[in-house]
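Notes for the one structure printed next.
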Amino acid sequence: EDLSDVALRQRILRNMSDLSLETTLFNEKLAMPTALAPVGLCGMYARRGEVQAARAASRAGIPYTLSTVSVCSIEEVASHASGALWSQLY
1 EDLSDVALRQ RILRNMSDLS LETTLFNEKL AMPTALAPVG LCGMYARRGE
51 VQAARAASRA GIPYTLSTVS VCSIEEVASH ASGALWSQLY
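Residue numbering for the sequence shown follows the UniProt record's numbering, starting at 1 and increasing by one per position.
What follows is the structure, encoded as structure tokens:
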């Protein structure tokens, strides 16, 4: 099929206020289909870096993944995270 035969119909001035990126993963409602990936030694970049990152992920409505080589303990991060908390294990 030649690309000149393809007609694209523009949809301008459409109401986009009801768009949502929400999804459900592992029975957990997420604001968007993404998660904060594990960053090794995040606590070395900023004081209590893993806790700060987990709080940011909670505010964004996405899971936070704690690295296997994190500076903060999983218990400390879990006590400050209100959203989904995942753990990288290898």
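Glycine residues also receive a C-beta, built at the ideal position from the N, C-alpha and C atoms. As the structure is a prediction and not an experimental result, all values here were calculated from the model.
Going by C-alpha to C-alpha distance, which of V71, P63, V39 and P38 sits closest to E22?
The option with the nearest alpha carbon to E22 is P63.
Hey, S82 and S67 are a contact pair by Cβ (cut 8 Å); roughly how many whole angstroms apart?
Between S67 and S82 the Cβ distance is about 20 Å, and since that is not below 8 Å, they are no contact.
Who are A68's beta bridge partners in DSSP?
Residue identity differs from the one stated: residue 68 is Thr in this sequence, not Ala. BP columns for T68 are empty, so no partner.
Using the beta-carbon count (16 or more within 10 Å), is P38 buried or exposed?
buried
So, is L3 buried or exposed, given that buried needs 16 or more other C-beta atoms within 10 angstroms?
exposed
Integer-rounded CB distance, given that S70 should sit under 8 Å from G43:
6 Å
Comparing C-alpha positions only, which one of F26, Y90 and Y45 sits nearest to A84?
The shortest Cα separation from A84 among F26, Y90 and Y45 belongs to F26.
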